[in-house]
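Q: Quick note, the sequence shown lines up with residues 1 to 443 if you use the UniProt record's numbering. Virtual Cβ for every residue (Gly too), placed ideally from N, Cα, C.
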Amino acid sequence: MEFLVPLALGLILGLNVGAVAGILLGRRGATPTGDDPAVVAARHEAALAQLRAEEAAVRAELTAELAGLTATADGLREQVTQAQQAHREFVERAQAEQRAREERERADSKVLQALTPVQETLRTMQAKVTELETQRSQQHGQLTQQLKSATESEERLRATAESLASALRSNSVRGVWGETQLRNVVQAAGLIERVDFDTQASISSDAGAGRPDMVIHLPGGKNIAVDAKVPFTAYLEASQIAITATGDEGARREALMKQHVKAVRSHIDALGSKAYWAGLDASPELVIAFIPSESLVSSAMEADPAIMDYAFSKRVALASPVTLWSVLKTVAFSWQQDVLTEDAKQLFDLSRELYGRLGTLAGHIEKLGRSIEGTVKNYNGFVGSMERQVLPSARKLQRLDESTVLGPLASIEEGPREITAMELVDNLSTTGELETVDDQRGE
């Protein structure tokens, strides 16, 4: 690259010199042959001066061009150096990147080898996720169907609830519902109608004639009256208003709850004035007011915490299905214990009777033993008398008839077995003492 610059300068200089020489030679050829030598010489000098001036101009121009070319060559040389440096850096960078890429590939290969179990696990997990997603889709369909069924059931339940609420607005329907719930709770506690309780029994007392819904029979001949009450109208209207309601709705709900409390208090006053306990034998001085809904009782107590004390002051016990069931379950258990006690008493009486009869039987056995012993004595005496007195005379007759031989008679050596049982021995001693006393009285 560096040898091109001098070559270019030489070519330019040669071209200029050739051009000047050609001009001079042309002018010389154009000079007439008849001119004066001095004139010719002057012309030559003038031409030579002109050539020198032109040469100087050309040389200056060439020097300037050479300086420009030199600067250009230096710039090109600098660019080439920079290009070479950039090329080296590019090659080094490419080599470094190649080495890094190869290192990454080796590292990636190692990582892939190490992650092969993880890949298998991920593949398995992917299959499991796919399966779970399929199951989820199926379950989602089933859940949708169940939600649809639940919505339909809720709609039917709502319609039934509305129908029931509409029906319970009637006093007669509420009364029948309360009595039915009372019967269900009593039977669920294990009590039996006409055995453990009676319904619609007539009661007469100083307060007048009455007919409670049920009379529960307690062990020991005691009784307690139960009457079902359903204060429902105001509570039903209040329950249709949200608890969080404010403003006019909240005030209306509060007023309805006060009406509900007032209705419960009215039932308490009515039951307290009837004094059912006065017309029952051995009854606690109270009557149970059965309200067949937990919410009816709890809402009244929430609105009026003193209502329970008010009921107690009127000798009325408010009972929801849960509390009444607990009380009746206790009554059923008391009946079971009472029956067990009665059975145990009968068993004890039978045991005493059997024990006494065993004593009488032991006396008879003793008498039978003595009778058997006397019979054995009589038998043995008979055998002895037979052998000592009768047989010797009979054997003398043998001489007359030797075909008949009288054998010896066997005596009974064993006596009756002695009684050793402690219970029978004690009874025998008692029976013997009684017989001795009877004999002494007879004497």
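#1: Is Q187 near the ligand SAH, with its Cβ less than 7 Å from a heavy atom?
#2: Does the segment 311-324 touch the segment 280-295, meaning 3 or more C-beta pairs lie closer than 8 Å?
#3: Work out the CA separation of G279 and R265 for me, nearest whole Å.
#4: Specify the secondary structure class of G221 as computed by DSSP and reduced to three states.
#5: With DSSP as the reference, label E294 as helix, strand or coil.
#6: Return the chain-ordered list of same chain residues with a C-beta closer than 7 Å to the C-beta of E97, the five sequence neighbours on each side being excluded.
#7: How far does the beta strand (DSSP E) with I203 in it reach, from first residue to last?
#8: According to DSSP, is A30 helix, strand or coil?
#9: On the DSSP bridge assignment, give the partners of G210 in chain order.
#10: Is the CB-CB distance between N223 and S283 below 8 Å?
#11: Rounded to a whole number of angstroms, what is the C-alpha to C-alpha distance between T33 and L66?
#12: Go through its chain and collect everything with a Cβ distance to A86's Cβ below 8 Å, but skip five positions before and after it.
#13: Using the Cα positions of T323 and G247, report the straight-line distance between them to the nearest angstrom.
#14: Does R174 pass the burial test, meaning 16 or more other C-beta atoms within 10 Å, or should it be called exposed?
#15: Give me, in chain order, the residues of the same chain whose beta-carbon lies closer than 8 Å to that of A30; leave out the 5 immediate sequence neighbours on both sides.
#16: CA-CA distance, L358 and S351?
#17: Does the distance from the C-beta atom of A311 to that of V261 stay below 8 Å?
#18: If you reduce the DSSP assignment to three classes, tell me which class D108 lands in.
#19: Look at E249 and I241 and say whether their C-beta atoms are less than 8 Å apart.
#20: Give the straight-line distance between the Cα atoms of I216 and A234, rounded to the nearest whole angstrom.
A: On the basis of the coordinates in this document:
#1: Summarising the ligand content, the structure contains no ligands, and the ligand SAH is consequently not present.
#2: yes
#3: 23 Å
#4: coil
#5: helix
#6: none
#7: I203 to S205
#8: Its pLDDT being 48, under 50, A30 is placed unreliably in this model, and the coordinates cannot settle the point.
#9: I203
#10: yes
#11: Its pLDDT being 47, under 50, T33 is placed unreliably in this model, and the value from its coordinates should be taken loosely. If I take the Cα positions, the gap works out to 42 Å.
#12: none
#13: 36 Å
#14: buried
#15: Any reading at A30 needs caution, since the residue's pLDDT is 48, under 50, leaving its predicted position unreliable; the model's value is listed next. The answer is none, since no qualifying residue turns up.
#16: 10 Å
#17: no
#18: helix
#19: yes
#20: 30 Å
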